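What follows is a single structure, written as structure tokens, with notes after it.
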DNA sequence: ACGATAAGTATATGGCATACACTTATCTGT
DNA sequence: ACAGATAAGTGTATGCCATATACTTATCGT
């Protein structure tokens, strides 16, 4: 939807705070109130933004082996966060019961199943994995890692992936 | 400061959105503008709230062995999140270069040093650990785990601690 | 070409953070 | 004890914000 994509562009170019109904309307060349034909209110607009983000972030890669698949997921999510730093924080704050959120969960769960994690454990493991990755990406764009250099943050990310992969492997023998 | 503690109470009793300068002033029995004698603006007020939260969360426990110390840190942080669910999300969104934030970092770093992690690795490890714990606590209070039962979330938390502890141990032999 | 439905407009309201100018406490040194 | 300074509080006003209501104009299927 035009309204959502322009809202995302506005958030990227300026700040999330700059995404006001009036500013968005002006960008689209319509009146503020015209927006309410497309979204029911501002919360709905922000939900749409989150959905757009998730859809962009999650790229299924079923052809890869599980460690690469997990790494690809994490890398895509991180890249999306950096592309849309002001919208990304909304991801953790809005309950993600949407289609795109479900797809993200499935992507990890499939990788875990591939790795050989017992089916009754995949859900739990998937939650922990996605939480850690989300936490990292959010911290990075929110400025919690500002004291670190870019290469240092990259190294941190690599270590995170390593630890997560190891923890999966160690659970195969349990 | 009275202003901050009442703001925190207000946020706990109602929502973060309910913490408006007018509402806070009314609770304190003063005019809205009187607040500006104590905080320079609303952002400053929210920063103060975050600081208050961190100070409450971080309880150094130097007498404990490192695994228990790490667990205590994580448990305290999680408990604080649940006590102040509406303010907690601000933690990840505000760059924590404050005194209380530094103390939180030190608490983990000391545990890592205790465990025998080489000094040049403790900072990185500390960042990853605190990020994972913060991500979990935030997800929980933000509603991302609403589909799970309370015992399930507790089990998730236990597994998180287990994974983190294991990853520290495996790094001792590397 | 007409009637319905979708899209857009005009105007108004109440809540919000905060600027500015002023007044009233409270504290400190003599 | 008091004068002056400093801290705390007040009153009023402004501009931005989301959004309600009522109305008008396109557009599209038949």
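Chains as they are written, first to last, in my numbering: chain A, 122 to 295; chain B, 122 to 295.
Cβ atoms here follow ideal geometry from the backbone N, Cα and C, with glycine treated the same way.
None of the values given here were measured: they were computed from a predicted structure.
- Nearest CB-CB separation between residue 175 (chain A) and chain B: not below the 7 Å threshold.
- At least one C-beta of chain A is nearer than 7 Å to the C-beta of residue 284 (chain B).
- Every alpha helix (DSSP H) of 4 residues or more that sits fully in the segment 209–236 of chain B is shown, in chain order, as 210–214 and 220–236.
- For the 7 Å CB-CB criterion, residue 228 (chain A) and residue 179 (chain A) form a contact.
- Distances from the alpha-carbon of residue 288 (chain B) to those of B:165, B:156, B:243 and B:124 put B:243 closest.
- Closer than 7 Å at the C-beta level to chain A, one finds these residues of the segment 227–249 of chain B: 245, 248 and 249.
- Straight-line measurement puts the Cα of residue 249 (chain B) at about 14 Å from the Cα of residue 258 (chain B).
- One thing to note: residue 151 (chain B) has its Cβ no nearer than 7 Å to the Cβ of residue 174 (chain B).
- The Cβ atoms of residue 235 (chain B) and residue 187 (chain B) sit closer than 7 Å to each other.
- Minimum Cα-Cα distance from residue 130 (chain A) among the listed residues A:260, A:160, A:167 and A:155 corresponds to A:167.
- Taking a C-beta cut-off of 8 Å against chain B, the contacting residues of the segment 247–266 of chain A are 248, 249, 252, 253, 255, 256, 257, 259, 260, 263, 264, 265 and 266, listed in chain order.
- The Cβ atoms of residue 277 (chain A) and residue 245 (chain B) sit closer than 7 Å to each other.
- Taken through DSSP and simplified to helix, strand or coil, residue 152 (chain B) comes out as coil.
- Unbroken alpha helix (DSSP H) runs of no fewer than 4 residues, entirely contained in the segment 132–202 of chain A, are found at 142–149 and 163–178, following chain order.
- Nearest Cα to residue 197 (chain A) within the set A:286, A:177, A:230 and A:226: A:177.
- If you check the CB distance, residue 213 (chain B) and residue 263 (chain A) come in under 7 Å.
- Here residue 251 (chain A) is actually not in contact with residue 220 (chain A); their C-beta atoms are around 16 Å apart, not less than 8 Å.
- Within a 10 Å sphere around the beta-carbon of residue 136 (chain B) sit fewer than 16 other beta-carbons, which makes this residue exposed.
- The three-state reading of DSSP puts residue 273 (chain A) in helix, counting H, G and I together.
- For residue 291 (chain A), the residues of chain B that pass the 7 Å Cβ criterion are 287, in the order they occur in the chain.
- Listed along chain A is no residue with a C-beta nearer than 7 Å to that of residue 136 (chain B); the closest approach is about 13 Å.
- Between residue 214 (chain B) and chain A, the shortest Cβ-Cβ separation is below 7 Å.
- Close partners of residue 191 (chain B) in chain A (Cβ separation under 7 Å) are lacking, with about 14 Å as the shortest Cβ gap.
- Cβ contact annotation for residue 211 (chain B) (same chain, cutoff 7 Å, sequence separation greater than five): 167, 170 and 171, in chain order.
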